[in-house]
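Chemist: The opening residue of the sequence shown carries number 1319 in the numbering used here; numbering runs sequentially from there. Structure below; questions to follow.
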Amino acid sequence: MRKFLTAISLTITTLVSTANAAEISMRPGLWEITTTSDLLRLVPHIPADQMQSIKDLANQYGLEMPQIENGAAISKACITAEMANQKSPPIFGDNQLGCTTKNSTRTGNNYKMDFVCNSADLKGNGTAEGAITSPESFSGKTKFSGSAQGNAVNEQADVSGKWVGASCGAVKPIQ
């Protein structure tokens, strides 16, 4: 369960690590982010009570559990105009999980960055890289190696995003 929680935490942390890093400017508004990984494929095998514990722990960090099915976590993210115009890609959820971005670079429409997590529950290093393919889509990969609640973790995931609409509705930008 802890490894799965780590996957969810990292998924949330890196969901939009690719969200804003190229000559192509992203459109502000509501985005749907899809993250796939081997650990997410284990969700159907987690007992309901353990899944509730995972959701409760995510809520403690101010994070909302994404919809998870068929090995993919699907969530919504609100990209403000300010975020869309940043020169470096934001990692949403980094403050809640104790992660910081380092060595953020971009060349054309491609981005690459490192992130370091150093909290009581999540410690380790990761990378995110990918490309903005249009103002309304991006794709990339993330890797993380470290520990979650004392358990060793070595996880990688594929991340993609698509613009849904100009209005974020009830979805608030993650700080």
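We treat Cβ as the ideally placed atom computed from N, Cα and C, and that holds for glycine.
Provide the residue span of the beta strand (DSSP E) that contains Tyr-1385, from first to last.
Modeler: Here residue 1385 corresponds to residue number 67 of the sequence shown, with the count starting at 1. At residue 1385 the sequence reads Gln, which differs from the Tyr that was named. Counting along the chain, the beta strand (DSSP E) containing Gln-1385 begins and ends at 1385-1387.
Chemist: Measuring only the C-alpha atoms, how far is Ile-1457 from Ile-1450?
Modeler: The residue given as residue 1457 occupies position 139 in the sequence shown. The residue given as residue 1450 occupies position 132 in the sequence shown. Correcting the residue identity first, residue 1457 is Ser in this sequence and not Ile. Between Ser-1457 and Ile-1450, the C-alpha separation is close to 7 Å.
Chemist: Within the continuous beta strand (DSSP E) that includes Glu-1447, where are the two ends?
Modeler: Numbered from 1 along the sequence shown, position 129 holds the residue referred to as residue 1447. Counting along the chain, the beta strand (DSSP E) containing Glu-1447 begins and ends at 1440-1452.
Chemist: For Glu-1400, tell me which candidate among Thr-1418, Ser-1343, Ala-1390, Lys-1461 has the shortest Cα-Cα distance.
Modeler: Counting from one through the sequence shown, the residue named residue 1400 turns up at place 82. Nearest of Thr-1418, Ser-1343, Ala-1390, Lys-1461 to Glu-1400, Cα basis: Ser-1343.
Chemist: Gly-1468: which of Pro-1491, Lys-1441, Val-1489 sits nearest, CA to CA?
Modeler: Mapped onto the sequence shown, residue 1468 falls at position 150. Out of Pro-1491, Lys-1441, Val-1489, Lys-1441 has the C-alpha closest to the C-alpha of Gly-1468.
Chemist: Quick one: using the 10 Å Cβ neighbour count with 16 as the cut-off for buried, is Thr-1460 buried or exposed?
Modeler: Residue mapping note: residue 1460 aligns to position 142 of the sequence shown, counting from 1. Burial call: buried.
Chemist: What's the C-alpha gap between Thr-1418 and Ala-1438?
Modeler: Sequence index remark: in the sequence shown, residue 1418 carries index 100 (1-based). Sequence index remark: in the sequence shown, residue 1438 carries index 120 (1-based). Approximately 14 Å, taken between the alpha carbons.
Chemist: Going by C-alpha distance, which of Val-1489, Ala-1484, Ala-1376, Pro-1491 is nearest Arg-1345?
Modeler: On the sequence shown, position 27 is the one that residue 1345 refers to. Nearest C-alpha to Arg-1345: Ala-1484.
Chemist: Quick check: what's the CA-CA separation for Thr-1354 versus Gln-1385?
Modeler: Taking the sequence shown and counting its residues from 1, one reaches residue 1354 at position 36. Taking the sequence shown and counting its residues from 1, one reaches residue 1385 at position 67. Going by the C-alpha atoms only, they are around 12 Å apart.
Chemist: Mapping DSSP to helix, strand and coil, what is Ile-1372?
Modeler: For the purposes of this step, residue 1372 is identified with residue 54 of the sequence shown, where counting begins at 1. In this structure, Ile-1372 counts as helix in the three-state DSSP scheme.
Chemist: Alpha carbon to alpha carbon, how far is Ala-1402 from Leu-1357? Give it in angstroms, no decimals.
Modeler: Mapped onto the sequence shown, residue 1357 falls at position 39. Mapped onto the sequence shown, residue 1402 falls at position 84. One C-alpha to the other measures close to 30 Å.
Chemist: Provide the residue span of the beta strand (DSSP E) that contains Met-1401, from first to last.
Modeler: Numbered from its first residue, the sequence shown carries residue 1401 at position 83. Per DSSP, Met-1401 belongs to no beta strand (DSSP E); it is in the alpha helix (DSSP H), 1399-1402.
Chemist: Short of 7 Å in beta carbon distance, which residues of its chain neighbour Asn-1436, apart from the five on each side in sequence? Order them along the chain.
Modeler: Taking the first residue of the sequence shown as 1, we reach residue 1436 at position 118. For Asn-1436, where only same-chain residues beyond five positions count, the Cβ hits under 7 Å are Gly-1416.
Chemist: Determine the closest residue to Glu-1382 out of Lys-1394, Gly-1389, Ala-1390, with distance taken between C-alpha atoms.
Modeler: One-based indexing of the sequence shown puts residue 1382 at position 64. That would be Lys-1394, whose Cα lies nearest to the Cα of Glu-1382.
Chemist: State the start and end residues of the unbroken beta strand (DSSP E) segment that holds Cys-1486.
Modeler: Taking the first residue of the sequence shown as position 1, residue 1486 is located at position 168. Here Cys-1486 belongs to no beta strand (DSSP E), and DSSP marks it neither H nor E.
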